[in-house]
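S.K.: I have a structure here, written as structure tokens, and I will follow up with some questions on it.
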Amino acid sequence: MAAVDLTTHPGHLARRLQQAHYLLWNTMVSEETTSPQFAVLNALVAEPGLDQRTVGSGSASTGPPSPR
């Protein structure tokens, strides 16, 4: 059985990218605040007084797409 070149597999590359992002985030931003939490805080700094629904719809990066 021959060795597989993982650099040609998108799933492997996506995982490596996620690992790099995690390392950089923890090093440069915060070990305690997640990127979604940061997005919410950033939205509130930009527009104080936003309600939860508006903040959630503007900074959500995960979850199912809204039905059309």
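Note that my numbering numbers the sequence shown so that position 68 is 1458, with each residue one more than the last. Don't be surprised by glycine CBs; every beta carbon is placed ideally from N, CA and C. Treat the numbers as computed from the prediction; the structure is a model and nothing was measured.
What does a CB cutoff of less than 8 Å around Leu1431 pick up in its chain, not counting 5 residues either side in sequence?
M.R.: Working through the sequence shown from its first residue, we reach residue 1431 at position 41. Thr1423, listed in sequence order.
S.K.: Assuming Ser1425 is part of the alpha helix (DSSP H), what are its boundary residues?
M.R.: Locating residue 1425 in the sequence shown gives position 35, where the first residue counts as 1. First-last of the alpha helix (DSSP H) with Ser1425: 1425-1436.
S.K.: What three-state label does DSSP hand Gly1401 in the structure shown?
M.R.: The residue labelled residue 1401 in the question sits at position 11 within the sequence shown. Helix, per DSSP.
S.K.: Would you mind giving the Cβ-Cβ distance between Val1445 and Ala1433, rounded to the nearest angstrom? I have them listed as a contact below 8 Å.
M.R.: Translated into positions along the sequence shown, residue 1445 becomes position 55. Translated into positions along the sequence shown, residue 1433 becomes position 43. Contact holds; Cβ gap of about 5 Å.
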